[in-house]
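There are 4 protein chains.
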Amino acid sequence: MEHNSTLSAEPLSDSTGQEYGKSSCAASSVQNHSETYLDGNAFAAKALAKAGIEYMFGVVGIPVTSFATCALKEGIRFIAFHNEQSAGYAAGAAAYLTGKPGVLLTVSGPGCVHGLAGLSNAMINTWPVILISGSSTQTDTGKGDFQELDQVEAVKPFSKYSGKARNIFEIPLVISKAITFAVHGRPGGTYVDLPTDVLHETISVTEGEKLLSDLQPYVPSWSKVETSVGQQLPNLEIDAAVSLLQEAERPLIVLGKGAAYARAEDPIRQLVQLTGIPFLPTPMGKGIIPDTHQRSAVAARSLALKESDVVLVVGARLNWLLHYGAHPNWSKDVKFILIDISSEEIALRKPAIGLVGDARRLVSQINKKIKDTPFSLGDKHPWVEKLQKKTEDNVKRMAASLNKDVVPFNFLTPMRIIRDAMADLGLPAPILVSEGANTMDVGRSVLQQIEPRTRLDAGTWGTMGVGLGYAIAAAVVSPERLVVAVEGDSGFGFSGLEVEVY
Amino acid sequence: MEHNSTLSAEPLSDSTGQEYGKSSCAASSVQNHSETYLDGNAFAAKALAKAGIEYMFGVVGIPVTSFATCALKEGIRFIAFHNEQSAGYAAGAAAYLTGKPGVLLTVSGPGCVHGLAGLSNAMINTWPVILISGSSTQTDTGKGDFQELDQVEAVKPFSKYSGKARNIFEIPLVISKAITFAVHGRPGGTYVDLPTDVLHETISVTEGEKLLSDLQPYVPSWSKVETSVGQQLPNLEIDAAVSLLQEAERPLIVLGKGAAYARAEDPIRQLVQLTGIPFLPTPMGKGIIPDTHQRSAVAARSLALKESDVVLVVGARLNWLLHYGAHPNWSKDVKFILIDISSEEIALRKPAIGLVGDARRLVSQINKKIKDTPFSLGDKHPWVEKLQKKTEDNVKRMAASLNKDVVPFNFLTPMRIIRDAMADLGLPAPILVSEGANTMDVGRSVLQQIEPRTRLDAGTWGTMGVGLGYAIAAAVVSPERLVVAVEGDSGFGFSGLEVEVY
Amino acid sequence: MEHNSTLSAEPLSDSTGQEYGKSSCAASSVQNHSETYLDGNAFAAKALAKAGIEYMFGVVGIPVTSFATCALKEGIRFIAFHNEQSAGYAAGAAAYLTGKPGVLLTVSGPGCVHGLAGLSNAMINTWPVILISGSSTQTDTGKGDFQELDQVEAVKPFSKYSGKARNIFEIPLVISKAITFAVHGRPGGTYVDLPTDVLHETISVTEGEKLLSDLQPYVPSWSKVETSVGQQLPNLEIDAAVSLLQEAERPLIVLGKGAAYARAEDPIRQLVQLTGIPFLPTPMGKGIIPDTHQRSAVAARSLALKESDVVLVVGARLNWLLHYGAHPNWSKDVKFILIDISSEEIALRKPAIGLVGDARRLVSQINKKIKDTPFSLGDKHPWVEKLQKKTEDNVKRMAASLNKDVVPFNFLTPMRIIRDAMADLGLPAPILVSEGANTMDVGRSVLQQIEPRTRLDAGTWGTMGVGLGYAIAAAVVSPERLVVAVEGDSGFGFSGLEVEVY
Amino acid sequence: MEHNSTLSAEPLSDSTGQEYGKSSCAASSVQNHSETYLDGNAFAAKALAKAGIEYMFGVVGIPVTSFATCALKEGIRFIAFHNEQSAGYAAGAAAYLTGKPGVLLTVSGPGCVHGLAGLSNAMINTWPVILISGSSTQTDTGKGDFQELDQVEAVKPFSKYSGKARNIFEIPLVISKAITFAVHGRPGGTYVDLPTDVLHETISVTEGEKLLSDLQPYVPSWSKVETSVGQQLPNLEIDAAVSLLQEAERPLIVLGKGAAYARAEDPIRQLVQLTGIPFLPTPMGKGIIPDTHQRSAVAARSLALKESDVVLVVGARLNWLLHYGAHPNWSKDVKFILIDISSEEIALRKPAIGLVGDARRLVSQINKKIKDTPFSLGDKHPWVEKLQKKTEDNVKRMAASLNKDVVPFNFLTPMRIIRDAMADLGLPAPILVSEGANTMDVGRSVLQQIEPRTRLDAGTWGTMGVGLGYAIAAAVVSPERLVVAVEGDSGFGFSGLEVEVY
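For the record, the sequence lines run as chains A, B, C and D. Per my numbering, the first sequence starts with residue 607, numbered consecutively. Per my numbering, the second sequence starts with residue 607, numbered consecutively. Per my numbering, the third sequence starts with residue 607, numbered consecutively. Per my numbering, the fourth sequence starts with residue 607, numbered consecutively.
See the structure below:
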C-alpha cells in the first residue's frame, strides 16, 4: 500500500517528543569546499541568539521543526506546547516578567492563526512579543500550497510590525526590526514570516556572521548602569505635578502593571515613603509596593476612587479597569497626572498634566523635586485616616467570612487555605496566576502580593485561557520562585492539557 | 472586603454549567403598556431561528450569555465548548455535514480571536461558517473598553463578509447578509458583530416581526425538489468534456470533498457506472463512491496520477494535495476537465475545459449526454487492468503487514483493529475523524469509507487541532451514526479537554 | 555647484515628451556570450504583449520609464497622461468599450495612490482594469526609500487581486493572475507590483520565452465562434422566468451597462422584438436598443418603475440608480427576474428568480424558450399604450422648451444644438462622454443613443473627473467614431489639462 | 420630459461658484418650541471651529456642501479646489507652515479616494492632516448606495487613525481623536467619516454645547510661553552628545524639515553660533539658517557627507534623501546623533546616540550644556577651511554658468532671473514652491532660502503634482509673503487648472 507524498507536508510525527530526535540541526550546516554553509533554520536561530533571545515558546511541525532544533543548539530554551494559543500567552508573560521580548514559534497557516491569541493579548497588555511563523514556499503562493495564508497581512490588525524574510539574507534585518518595534515606544506585538524556501536557502558562515554583526541583545533601560538622574534643567511639568500633589487634599497614587514592567518599584516606594500619599494598585500592579503597606488603599478602593482630588497614575491606562477616570466612579473634579510611555495615550485622556516617558526615570525626577520641597501626609491626616478606617472595616468583615470553614467549599475557604500556604513560603514570594471571574475577584481581595510582578491574571483584555501558559512561562523564567495557579474551572478548561508541558 | 465593579465585566461564573441557570432569556422580553418588547439578545436569537439555524457552537460569557439562552429558547441547540478554537472547528464540520451554515458564538476580544481558527479553516475548506461575536459598547470604543477590539476589521482577512449591527434594527439585515455570503458563490466564512449596547436595546415584538419577515431558511440546491439550479451552461462545453473523456486512453475521475458538500454522489456513481472510468478520491472525498468499488484507484494513486491522460476533477482544487496538477506527479500532457463552483478557481488552473457551477447538476448533464452517445471501459481495458493489477499488489503487501500482531503497537496493528470494528457496525457507516500525520497517513490506507461525508480529517489546510471539535459536531448533527475519532497524540493535545463536552 | 545624487531618484526630465528619446528599450536587452538577456522592463513588456494587451494608459517616471518604452516596442500603444487619476479613468473606459482588460501604468508611491481613483472606479463599475506600478527596491523597504509605500497592501481595499513580482521569473505569473482575476467572475480591478530591483534583473531570452509560453490573450466569451446555444436540457429557471413574463400585466425590461459590456445587444433586441415588452435603460445602458425604439420607456421612467409588475433586469444592479428595487419608486408587489454574473449579487437582492451567468447566453436561452411558446404585447396593449401616452406628453413638453433659443444659454439650448449636430453625423454614432450633474441630467433626456456603448458618464459611483480620461480612451480604442464630451464646468475642472493628451 | 430622481444624489450644480448661494447653513438650524436644533452639518462645523481649525481645503458636493457653508459661517476659511488631489496637498502644506492640523474636505466614494493623495503625502512627510469625507447613509451600506465605499477601511493604510461618527453625538469625539492622533507622537494623517444620515440628524443647541465643551484648540508646544514640553531626558544623553560633538574632528549638523516644523530655528542658530560647526540642510530644511551663512555646507554637500565623523541630525530621517546614512556616501566610521520625535525611528537607524523628543527643546538643552563647557571651531579650523574652499570653488563655477544669457532658455538663465527678482523683494522672504526633477535640482543650487519654511518641494516622497496645491495653501496661510511657484512642465500638468482657485 503506497504512502502518499502529501504526507511530507504534514508534521513528521504524532509525538512531539519523538520528533526532536529525527530532525537534527547538524544537517542544517553543510561543508562545501573550504567554506561551511548554514541553511535558513540554522541562520535564523543564530540571529535570534545573537539578538539575546533566551526563551522560545511554541509548537513545532513542518516547516519549523529544524529551526527549533537549531535554536536549542544555540542555547535558546524552547518550550514545546500542545497548542499555540497557550504558547502565545506564555510568550507574553515571559516578556512581562523579564522585560525582554517574548518569542512564540508556530507553523504556517492554522498554526499562525492559533498564535494570534498570544500576539493580540500582548498588544493589548503592551508587552513585547514576537510571533515567528513558518510559511508556504513563496513560489507556490496563490496555488493552494500546504497551509497557505497571507500571514503578513493576517497579523497586521494585531501587531506593530509585520515582515517577511524574502530570502536568507533578509533574516537578520527582519528579526532586528521585529525586536525594535516590539520593545520601543509603547511595547507590543510584532511578526516575522519565514517562508519554507527561505529556511532551505543557504549562506556561508562568513557572510552570515557579517550580516549578524549589527545584531545586539536588547538592553532594557532599567538594567543599564546609570549613575544618577543627574542635574536636570528646570522642568516645568515635573514642578507642576509636584505642586498639584502638594496642594491636594485627597491625593492618590494609582499603580499599573506598566510601572511593574518598567521596574519602577524602587522610586515608587520612595515616593510613597517621602509623601505618605495612599496608593491603589490595579490587579496586576499589586506588589509594586507590598499589599501589607500601611498606605495601601486596596481594601478601600471605591472610596479612594470616589473621593480623591489629585491622582498620580503611573503605568496604568484610564480604561475600563479604572472606569475611564470618569464620574460617577471618580469625583467630578478629580485631576489626573498621567505618567505613560505613549504621548497619544496621554493626549487621548486629556489629563491635567501628562508626563511622557519611562516611569522609572520620571518618578525619580519627581522624587528629586520633592526632596527639594518636602511635604508629607502623616498618619493623622484626615484623608489617610478615612481610608484607613474604611480599610479596617472591610478587612474585619472579610476576616469574619474567611474564618468560617464552609464545606462543601465556597470560594472563600480554599482561598484562605491558599493564602496561608503562600504566606508560609516567605521570600522570594511565589508567583500567583489567576483566572476565572469569581476566582480572580475573590482572590484579588484575599491573596496578597508582597513583591512586584508576582500576580498574573486575565489582564487588560480580561482574557480567559491564559492561566496554564502564564504559569509555565513564570516557572521557566523565574525558577527561583514557586508558581501557584488558582484557576476557575472555565479558565482551566481552555488549556488544561498543557499541565503536561512543564 | 469590597467587590470591585470591574467584576461585572467578566464572566458571571467560573462554571459554564451554573451560568445557564442565572441568565434567563425571559428577562430579555419586557412588557410595556400593551406592547411586548424584546432586547437585542432575544431578537438576534429569533432572527437566527427564523433563518433556519439549528445548531450553534461556542463559549458564552459577557456579553453573549443571554443571547445563547435565548437561542436555546428558540429551539436552537447550543453546544458549549471549553475553548472557542475547538468550537469553531465544530461549526465548520457541522456546515460540511449538513450543507447549511455552521454558527460559532464567542465573546468579544480574545473570544473573537480564538474563533478565527474555525473561521479561517472554514474559509480554506470552503465551508459556510458564520462567526457571531459580542463586542464592546460602541460609545466606549477607543477608550479601552473591556475586551475591546476592532473585530470587524480583524476578521476581514479571514472572511468573505464582515458586518456590525450598529443598532437593534440592523440585526436581521446583518445576519441575512452573513448567511447569503457564506453559502452563495464559493462558500466560506462570514462575521456578525453584535455590540453590547445593541444587545441591550429593545424593539417591540410587532416591529421585530416585520423586520424578520424577509428572513427565510437557506435551502441548499440539492435539497430542492427540482435539480435545475445555478449557472447555465450551453451544451457545447458539456459536449466537449464528454468527447474528451470518450477519446481518452487513460481517463480518470478525481473526487474532492466539494463534490461531497454538493451531494453529487448519485450522479457521480451513475457516471462511473455508465463509463467504467476509474476514480480517485481525495482523502475527504473518500466514500462518495465506496472505497470497495472495483474502479477505485485509491491503492494505485501514484500510478493513476502519473499516467492518466484526461482527468475529470469534481469538487477538488489542483492544490498541494493534488500536486498542483503538475509534472512530475502528473503526466506532462495530461488534460484536465474541472468542475468547480468558482470561475476564478478554474481560470487560475487553466484546464483544457472548465465547467463552472454546481457539481450535482453538471455531472447530471454529463450523464445525460453520455446516455445519448454511450461509451464504457470494460474490465479488460488495458488502463483498467493496469490500475487493477497495481491495486492488488499494493493491497497484498499491506495485508501482509497488517496481519502481524506487533506489540508494543506500531501504527498498523491498532488501525487494523479499528478497521475491523468499524466494518462490523454495518450501515449507516460510522463517521471517522482523523488527525495526526502518521495517523492520517496510515489510516487513509487501512480504513475504508463506504458512504459519503464519513471522513473528517485535517483537510485542505492540514489543520492540527480539529479532531475533538469535528467529532463533537458529527455526533450532534448525525445522531444516527457512531463517531470514531482516531487521534495522534499531538493532535489530541490541542483540545483533548473537549472530550467532556458531548 | 554640485548636483545632488538625490536627483537620480526623480523623473529624469520635466518634459514628458523629451523623456522618450532618452530612455531606450534597446538598452534593456544585452548580449552576453551567445545568449541575449532581457531586463525586467523588457520582459514585463513582452509578457503584457503576449497576454494580448494592446493599450496602456499612464504617467511614466522612475522606475517605469523604460518599461513604457519597451511596451511601445512590443506594439502596445502607450498613452501618456498628465495625471494618473485621469489615466486610470481612461483605462476603465477602454476596458468597457473593448471588453478586455484596461491597463494603467504608474510610478511608485504617490503615482500608485493617484492611480487608485481609476482602480476603484473600475471595481465599482465592474470593469476589468489592471494597475501596474513600479515600486521601491525590495532591499530598501522599511528604510525610507524613494516613494516607498506598501503598495500591495494599500490597493487591497480597491481590488480583487494584488500581487508583487518578487523576482523577474514571477512577472508572467503575476500578470497572468492579474488578468485572470480582472476578467473572470464579476470583472474588477487588480494590481501588479513591479519593484525597481526586479525591473533591473535579467533573464535569458530562451528562459523568458519558456516562462511566457503559457500566456495567451484573453478572449471574451462574446467574441468566440459559437455556432448556436444548442439543445438545452429542460431548464426550470428559464421556464419559470418566461412564464412570469408571460403572465405579467405590466412587464418591463431594464437594461444596464453590464448587458452592454457582455455584448448582449443582439439577443436583447430580439427579445423586445419577440415580446413587445417595453424597456428602460440605465443611463449607460442607453443605446443597447436605440432610444428611438417604439418600446423605449426612457421618457416615462417614473411611471414604468412605479407600475410594472414583473421586471427582467439584465446586467444592472438594484442599487441607488434603480432605487434599490424598493417601494415607493417601485410597486410594492413587483417581481424581479435578475440576470447577473454574480450569484452573491443576486442572493443579496432576493429576486423572484435569479439567473446567474453571462447575459448574452441567458437572454438567448430565454428567446429560445419564447420561440417555443410565443407571446407578444401588441401596440394596443393597455400597458404599452399607457407608457406610450406618457412618453408623448413628456416629449411634447420638452420639445416646447427645447425649441426656444434662450440667450444667455440655459442648459437646454446648447444641448439641442449638440443633439442636432450629433444626429447629423449618422452611423457609426459618435460616443458621448458626459459629466456634471445638470449636464448629465438634461443630456440624458435630450441626447439620444442609437448604438450600444456610446454613452460614458459618471456611472455607478457618480464619479466626477472622469470626462477627459473617458473621452481620450474612447478616441483611442474607437477611432472610427467621433467622441463628443459634454462637460459641466466642475467636471471639466478635475482634469481639463488632459485635453493636450490626444 | 421628466427629471430622474437620481439627480438628487449628484452635485446640485455644475458650477462650484453658484452652489454656495443655494445651500444655506441657516437651514441647518431649526427652531422647535423653545429649543433651537442644529443638524450634523452645523454641529460638525461648530466642532471644528471650537477645535481651532481656521482653514479647510476641498471640493464640495453631496453630501458635504452644507457642511462647508456652515464652516464658512463659523469663521473657517474654505478654499474650494477643482480636484481633491490638489486640495489635499494644500492641506499638507498648510499644516507644515502653521504647525497646526490641515483639513481636507471631500465628498464620499471617489472624492475620498482622490483625497488619499494628500493624506498619504502628509503621512510620509509627517504632517498633521485630517481628511473629512462625507459617506453613504449607513442604512444603505451594502446595497449599492450613491458613491458607497468602506472609507474607514480604505484610508487605514494611509492614516494613523480612521473613525466614523455613527451618530451626531459622536461627532465631537471623532474630531477630537482625529486631531489628537494627527498632532501627537509623530504627526501624520487621520480620517473622519461623516455619514449622510448623521449629517441630517439633529441635536439641541444646549446638548451640543455640552458635548463641545471639552474641545479646545490644539496649541503647538513652540507657541506655549514655557519651553518645557515632551519626553524627559536625563542629562546623561545630552552630556554624551555634547562630548561626542566636542571630540569630533569633522563635525556636521544636518537640518531637516522636521526641525522647521518644530520651530527649532532659534536654538539651532544659537548652536551654530556657539560651536561654529558647519551645517547642511535637506532641501526643505533650507532657510532654518540662511543659505548665506558662512557655515553653510550646501555647496559642498558631497564632501560634507563623505568626510564628517560626527553628525548631529535634527528633524531629518536617514532615508533615501540622506543615502540611509550609509557608506559610500558617508564615511564608514561616521557617528550619528539623532534628534527625532519618534523612538521607533531612532531605534531603526541605530545611531551612536538617539535623543527622542521635541527638537526645539532638545537643542536648547544641548546649548545649555555647551554654555557650561564651551568649545568652538574657528574660521581657521582645517575642517571649516576645507568645506569653505570647496564651497568657493563650486560657487565660482556655477556663477560662470549663470552669468551667461542662453537663449532659448536652458534651466540656468531663468533661474538666475527668478533668484534676482526674489532677492529684490527683501524680507519677509517669499515662499518658493518647486517641483519637477531638473527644476528642483537646479533651483536647489541657484535659489537661496533666507528664512525657515520658505521652500516647499516634492518632499520626502518625491511627490509630483503638489505644486499648485502648495502654492495656494502658502498664499492663504501666509498672506504677508509673496509665493513663487517654479514648476517644471510635467509637474504643472498634474494640476495646472487649479491656478484659477486663488
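Just so it is clear, CB atoms sit at the ideal spot from N, CA and C, and this is done for glycine as well.
Counting only beta-carbon atoms, is residue 981 of chain A nearer than 9 Å to chain D?
Here residue 981 of chain A corresponds to residue number 375 of the first sequence, with the count starting at 1. For residue 981 of chain A, the answer is no, since every Cβ of chain D falls outside 9 Å of its Cβ.
What do you reckon, are the CB atoms on residue 698 of chain A and residue 708 of chain A nearer than 9 Å?
Here residue 698 of chain A refers to the residue found at position 92 of the first sequence. Here residue 708 of chain A refers to the residue found at position 102 of the first sequence. Yes. Within cutoff.
Which residues in the same chain have their Cβ closer than 7 Å to the Cβ of residue 996 of chain C, if we skip the five residues on either side of it in sequence?
Sequence index remark: in the third sequence, residue 996 of chain C carries index 390 (1-based). Once the five neighbours on either side are set aside, the close Cβ partners of residue 996 of chain C are 906, 909.
Is there a Cβ of chain B sitting closer than 9 Å to that of residue 923 of chain A, yes or no?
Locating residue 923 of chain A in the first sequence gives position 317, counting from the first residue. Residue 923 of chain A counts as touching chain B.
Can a CB atom of chain B be found closer than 9 Å to the CB of residue 611 of chain D?
The residue you call residue 611 of chain D lines up with position 5 of the fourth sequence. Residue placement at residue 611 of chain D cannot be trusted, given a pLDDT of 31 that sits under 50; the coordinates are not used to answer.
Name the residues in the stretch 757-773 of chain B whose C-beta lies less than 8 Å from a C-beta of chain D; which are they?
Hits within the stretch, in order: 759, 762, 769, 772.
Apart from the five residues just before and just after residue 758 of chain B, which ones in its own chain have a Cβ nearer than 6 Å to its Cβ?
Here residue 758 of chain B corresponds to residue number 152 of the second sequence, with the count starting at 1. So the qualifying residues of the chain are 768, 770, 799.
Distance, residue 740 of chain C Cα to residue 711 of chain C Cα
Your numbering for residue 711 of chain C matches position 105 in the third sequence. Your numbering for residue 740 of chain C matches position 134 in the third sequence. Those two C-alpha atoms are separated by around 8 Å.
Any idea what DSSP makes of residue 645 of chain A, helix, strand or coil?
Numbered from 1 along the first sequence, position 39 holds the residue referred to as residue 645 of chain A. In this structure, residue 645 of chain A counts as strand in the three-state DSSP scheme.
Output needed for residue 692 of chain D: all residues of its chain with C-beta closer than 6 Å, excluding positions within five of it in sequence on either side, in chain order.
Position 86 of the fourth sequence, counted from the first residue, corresponds to residue 692 of chain D. Scanning its chain for C-beta atoms nearer than 6 Å, with the 5 sequence neighbours on each side dropped, one finds around residue 692 of chain D the residues 1074, 1075, 1101, 1104, in chain order.
Contact list for residue 820 of chain A against chain D, beta-carbon separation under 9 Å:
Stepping through the first sequence from its first residue, residue 820 of chain A is reached at position 214. In chain order: 956.
In three-state DSSP terms, what is residue 616 of chain D?
Mapped onto the fourth sequence, residue 616 of chain D falls at position 10. A caution first: residue 616 of chain D carries a pLDDT of 30, below 50, which makes its placement in the model unreliable, though a value can still be read off. Here residue 616 of chain D sits in coil by DSSP.
Considering only C-alpha positions, which residue in the set C/1018, C/644, C/1095 is nearest to residue 1140 of chain C?
Examination of residue 1140 of chain C is not possible in this model, given that chain C is present from 607 through 1108 alone.
To the nearest angstrom, how far is it from the Cα of residue 703 of chain C to the Cα of residue 953 of chain C?
Taking the third sequence and counting its residues from 1, one reaches residue 703 of chain C at position 97. Taking the third sequence and counting its residues from 1, one reaches residue 953 of chain C at position 347. C-alpha separation (whole angstroms): 28 Å.
Could you say which of A/919, A/664, A/999 lies nearest to residue 677 of chain A if we only look at CA atoms?
Taking the first residue of the first sequence as 1, we reach residue 677 of chain A at position 71. Nearest to residue 677 of chain A by alpha-carbon distance, out of A/919, A/664, A/999, is A/664.
Distance cutoff 9 Å, beta carbons only. Does residue 959 of chain A sit that close to anything in chain D?
Taking the first residue of the first sequence as 1, we reach residue 959 of chain A at position 353. Not closer than 9 Å to any Cβ of chain D, the Cβ of residue 959 of chain A fails to qualify, so no.
Tell me whether residue 690 of chain A sits in a helix, a strand or coil according to DSSP, three-state version.
Counting from one through the first sequence, the residue named residue 690 of chain A turns up at place 84. If DSSP states are grouped into helix, strand and coil, residue 690 of chain A belongs with the helices.
Which chain D residues are close to residue 748 of chain B, counting only those with a beta carbon under 7 Å from its beta carbon?
Residue 748 of chain B sits at position 142 when you count from the first residue of the second sequence. From the beta-carbon of residue 748 of chain B, the residues of chain D found nearer than 7 Å are 783.
Going by C-alpha distance, which of C/903, C/1009, C/846, C/900 is nearest residue 979 of chain C?
Stepping through the third sequence from its first residue, residue 979 of chain C is reached at position 373. It is C/846 whose Cα lies nearest to the Cα of residue 979 of chain C.
Rounding to the nearest angstrom, what Cα-Cα distance links residue 1024 of chain D and residue 897 of chain D in this structure?
For the purposes of this step, residue 1024 of chain D is identified with residue 418 of the fourth sequence, where counting begins at 1. For the purposes of this step, residue 897 of chain D is identified with residue 291 of the fourth sequence, where counting begins at 1. Going from the Cα of residue 1024 of chain D to the Cα of residue 897 of chain D covers about 16 Å.
Show which residues of chain C have a CB atom less than 7 Å away from the CB atom of residue 1091 of chain D.
Position 485 of the fourth sequence holds residue 1091 of chain D. Here the premise fails: no neighbours, minimum Cβ distance about 14 Å.
For residue 716 of chain A, return the contacting residues in chain B, with the cut-off set at a CB-CB distance below 8 Å.
In the first sequence, counting from the first residue as 1, residue 716 of chain A sits at position 110. Those are 723, 726, 727, 1067, 1068, 1069, 1070, 1071, listed as they occur along chain B.
Could you tell me whether the Cβ atoms of residue 850 of chain D and residue 943 of chain D are closer together than 9 Å?
Counting from one through the fourth sequence, the residue named residue 850 of chain D turns up at place 244. Counting from one through the fourth sequence, the residue named residue 943 of chain D turns up at place 337. The criterion of a C-beta distance shorter than 9 Å is satisfied by residue 850 of chain D and residue 943 of chain D.
Going along chain D, which residues have a C-beta under 7 Å from residue 953 of chain A?
Taking the first residue of the first sequence as 1, we reach residue 953 of chain A at position 347. Simply 786, 790.
Below 7 Å CB to CB, which residues in the same chain sit around residue 806 of chain A once its five sequence neighbours on both sides are set aside?
Taking the first residue of the first sequence as 1, we reach residue 806 of chain A at position 200. Closer than 7 Å at Cβ, skipping near neighbours: 645, 646.
Cutoff 9 Å: residue 754 of chain C Cβ touching any chain D Cβ
Here residue 754 of chain C refers to the residue found at position 148 when the third sequence is read from its first residue. True, the Cβ-Cβ gap to chain D drops below 9 Å.
Residues, ordered as in the chain, of the stretch 669-688 of chain C that lie near chain B by beta-carbon distance below 9 Å:
Listed in sequence order: no entries.
Ignore the nearest five residues each way along the sequence and tell me which others in residue 1017 of chain C's own chain have a CB closer than 6 Å to its CB.
As a first step, residue 1017 of chain C must be located in the third sequence, where it is residue number 411. Taken in chain order, the residues that qualify are 1044, 1048.
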